[in-house]
Amino acid sequence: MKQKKTFSLLFLSLFLIFTACSSSKIKGDIVYGKTSLIDPFQAIYTNDGAYILGKNSVFFYKDGENQLLFSNYIVDDKWVRVETSQGESISISQNFNNYISKKILDDAYIMGDRFYYISEYTNSKGELKYYLSSVNLLGKDKIDHILIKQEPNVFFIADDYFIIGFYTDDQKNYLAYDKNLKEHDLHLNGKQIETIYKSLVFHSKMNEDDNYDIWIYDLKTGKDKLFLKNSRNITALGEGYIAIYIEDSANSNESSFISKIYNIESGKEILTLKDRVIFDFDNNKFYARSDETLNKYYEYDINGNVLNEVENKNYPDAFQILAINDGKALVSSNKASNIFYHIDFKNQKIERIEVK
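Whatever position you read off the sequence shown (first residue = 1), add 130 for this note's numbering.
Structure follows, in structure tokens:
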């Protein structure tokens, strides 16, 4: 069995090497992005396996095994691999295999067979340089696509655009580029973007009651409309649905919270769940954790019927669902950045993953 798993990782490696992108232009459609909107860690679960994006490294997980793919920077016997002012990679130690310039921000995406992220490095003059960069799924064939002139603090991918945000004179401004790396003005400046779904930009505005409302700005039509009043805490987004987490105003006796699911197109509320935090949508299902006991995870159909319930009896640090694929979930730990958990809802199993 172990030989079979090792072979699957080797096959992935060979496939990615021969399909690596060599052009500076962007290819492929956005398939996977940051799905966990309330956790600083990130995982992208594909049909081939799961990519765990830790603070400094990216791991590939499949069938109970994980493998280090590449690191943002690597320390080995007090030697590090660095970049020159020309952006070339220098290996001071002989033991380095894969390297990308330091990834900043939590947001990274897979488009086609490449990771896209914001990178930074310091040149010989001590100046910080920022780029929209990409590497293949093995962390190789690095391309710096665009030099970003200001320090970015957020990165999104919409259907057809890369959107990079930064502050200018205390106002949130954005740069947008299409796949040919041509810059566009999408009229986003001043908007507080919470997340983006396809061509829909979800942003928040403060209302007259000093609460926040969620608005939707459509990149295709240029129209802006109010979506939901007095709420901005979006926890999940996908497959035409959005989930929010709010205090239960109907319960005046005690402080309690509820999750609501809305249809994005119609704006109508689909259902309400008490004491549940919804993390992700997948294949007309959604996935949640108990906010009361903190140790139960649920798989629901889109109508709110429980399909599977998994009770976590052995791992008290298991925390929030990061990514879902076909009834399997990657979960973060609230104690250690190198510990994750894998939940198989169908077989009701939880497995501990330690990445090194």
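Just so you know, even glycine gets a beta-carbon here, dropped at the ideal spot from N, CA and C.
- Message: Please identify the residue among Ser361, Lys350, Gly352 and Leu330 whose C-alpha is closest to the C-alpha of Tyr342.
- Response: For Tyr342, the closest C-alpha among the options Ser361, Lys350, Gly352 and Leu330 is that of Ser361.
- Counting pairs of beta carbons, one from the region 468-478 and one from the region 433-450, are three or more of them closer than 8 Å? yes
- Message: Taking only three categories from DSSP, how would you classify Tyr297?
- Response: strand
- Among the residues of its own chain, which have a CB less than 6 Å from the CB of Asn414, if the five just before and after it don't count? Answer for Asn414: Ile432, listed in chain order.
- Helix, strand or coil at Ser463 according to DSSP, with G and I counted as helix: Here Ser463 sits in strand by DSSP.
- Exposed or buried, what is Asp237 when buried is set at 16 or more other beta-carbons lying within 10 Å of its beta-carbon? buried
- Task: Count the other C-beta atoms from every protein chain shown that fall within 10 angstroms of the C-beta of Glu429, then say buried if there are 16 or more, exposed otherwise.
- Result: buried
- Return the bridge partner residues of Glu338 from the DSSP annotation. Answer is none; Glu338 lacks a bridge partner.
- Query: Does the beta-carbon distance from Ser264 to Ile278 come in below 9 Å?
  - Reply: no
- Of the choices Ile294, Lys359, Lys465 and Asp354, whose alpha-carbon is the least far from that of Glu338? Lys359
- Measure the alpha-carbon distance for Asn283 versus Phe357 and round it to whole angstroms. 25 Å
- Item | Beta-bridge pairing of Gln172 - partner residues as DSSP gives them | Leu183
- Considering only C-alpha positions, which residue in the set Leu305, Phe296 and Glu369 is nearest to Glu395? Glu369
- Task: Measure the alpha-carbon distance for Ile376 versus Ser389 and round it to whole angstroms.
- Result: 6 Å
- Task: Would you kindly report the start and end of the unbroken beta strand (DSSP E) that includes Val407?
- Result: It spans Arg406 to Asp412 - the beta strand (DSSP E) in which Val407 sits, taken as one unbroken run.
- Query: How would you write the range of the beta strand (DSSP E) that Ser264 sits in, first residue to last?
  - Reply: Leu258 to Asn266
- Beta-ladder partner(s) of Arg419, from DSSP: Val407 and Tyr427
- Item | Short Cβ contact (9 Å threshold) for Asn442 with Tyr427 | Asn442 is a Cβ neighbour of Tyr427, given a cutoff of 9 Å.
- Among Lys312, Ser334, His314 and Tyr239, which has the Cα closest to the Cα of Lys302? Of the candidates Lys312, Ser334, His314 and Tyr239, Ser334 places its Cα closest to the Cα of Lys302.
- Query: Ser396 lies in the beta strand (DSSP E); which residues open and close that run?
  - Reply: Careful: Ser396 lies outside any beta strand (DSSP E) and carries neither H nor E.
- Item | Lys259 versus Tyr251: straight-line alpha-carbon distance, rounded | 5 Å
- Message: Taking the beta carbon of Ala466 as the centre, do at least 16 other beta carbons fall within 10 Å, making it buried, or is it exposed?
- Response: exposed
- Message: So, with DSSP's three-state summary, where would you put Lys270?
- Response: coil
- Do you know how far the Cα of Leu424 is from the Cα of Ala373? Between Ala373 and Leu424, the C-alpha separation is close to 19 Å.
- Task: Let me know if Asn455 comes out buried or exposed under the rule of 16 or more other beta-carbons within 10 Å of its beta-carbon.
- Result: Counting Cβ neighbours within 10 Å, Asn455 comes out buried, since at least 16 surround it.
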